[in-house]
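Numbering (my numbering), first residue to last: 3 to 264. Beta carbons: idealized from backbone N, C-alpha and C, even for Gly.
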Amino acid sequence: MSDSKITDRTAPRLSAGKFIRGTRIVFGRELEAYFDSPIAYIYAAVFLVLSCTTFMNSFFLDGIVDMSPYFEILPFLLIPFVPAITMRAWAEEHAQHTFELLMTLPLHSSQAVLGKFLAALSFYALVLAGSLPIVLMLVFLGDPDLGLIFSSYLGALLLGAFFLSFGLFASGLTRDQIVAFVLAILCGFFFVLSGHEQVVEVLDGLSPAWQLGTWLYKSISVLPHYQAFGRGVIAFSDLVYFALMSGFFVWMNQLSLQRSKY
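Okay, here's the thing in structure tokens:
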């Protein structure tokens, strides 16, 4: 039996300190890889240009000192952007045959998964922080609701974490980056569009007895939970939704990783 095959099953339980150190090693490796690639800078630049341009168009048309238009369009921009970040995470490891090397290191699969997730989340947070000059501009021009802006940014961070979690899971299912990209995009469309008002009405109209659209909206869709932050409401139920959904896909990523090892 190979060493990689026994890493998780027979290794002793890690202490909190050793778990954090192992996770930090993977985190540093992955975060450095993002900034070593020019593609990451291109992704970040394109995302910031699109998001900020969309906001500025709305700002000049409405003349309101408010960031709501920026956060309203964000879920739809993240549908292609986050899969572009995550598609290489595991698929590239498989394609370049470094996955086996990573799995033979004295690390639990949970450390590898969490390290990659935190690195992707840190990169996303840095990209999101690129929109902070908008806040400075609004403060200079008027008196925006900073509490509302803070809650909106918190919602955007949680939304990004959720997208990253299923993006990494999709990348772990295949050796092909394009397949991982498409799978993550489909997941993004499902979780976002299932909360769109017109989609809900169409689905309810197709199955009046089942009210499928309403059920998806209330139970699964990310939009109602994300939009609550945009209204300045930081509810415990919304925090739990993002924690459970992100945690679920991170856990599924770990399970798929363990399955790939045996």
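In chain order, which alpha helix (DSSP H) runs of at least 4 residues are fully inside the segment 223 to 261?
225 to 232
Just to confirm, is the Cβ distance from Leu161 to Val235 under 8 angstroms?
no
Nearest-angstrom Cα distance between Met247 and Gly157?
14 angstroms
Run through DSSP, which three-state label would Met272 get?
This structure cannot speak to residue 272, because the chain is shown only from 3 to 264.
Would you say Ala163 and Ala186 are within 8 angstroms of each other, going by their C-beta atoms?
no
Can you find the residues in the same chain that come closer than 7 angstroms, C-beta to C-beta, to Ser60, ignoring five residues on each side of it along the sequence?
Pro71
With distances taken Cα to Cα, identify the nearest neighbour of Val67 among Leu150, Tyr45, Gln213.
Leu150
Answer with buried or exposed for Tyr43, where buried requires no fewer than 16 other C-beta atoms within 10 angstroms of its C-beta.
exposed
Can you grab the Cα-Cα spacing for the pair Phe49 / Ile81, in whole Å?
11 angstroms
Which two residues bound the contiguous alpha helix (DSSP H) that contains Asp206?
199 to 208
Ile41 versus Trp253: straight-line alpha-carbon distance, rounded:
28 angstroms
Terminal residues of the alpha helix (DSSP H) in which Gly174 lies
148 to 174
DSSP three-state call for Gln113: helix, strand or coil?
helix
Any idea if Val202 is buried or exposed, counting beta-carbon neighbours within 10 angstroms, 16 or more meaning buried?
buried
Assuming Val28 and Leu109 form a contact by the criterion Cβ under 8 angstroms, report the distance between their Cβ atoms to the nearest whole angstrom.
7 angstroms
Exposed or buried, what is Asp145 when buried is set at 16 or more other beta-carbons lying within 10 Å of its beta-carbon?
exposed
Look at the Cβ atom of Phe119, then the Cβ atom of Leu170, and state whether they are nearer than 8 angstroms.
yes
Given that a residue counts as buried once 16 or more other Cβ atoms are within 10 Å of its Cβ, and exposed if not, what is Phe191?
exposed
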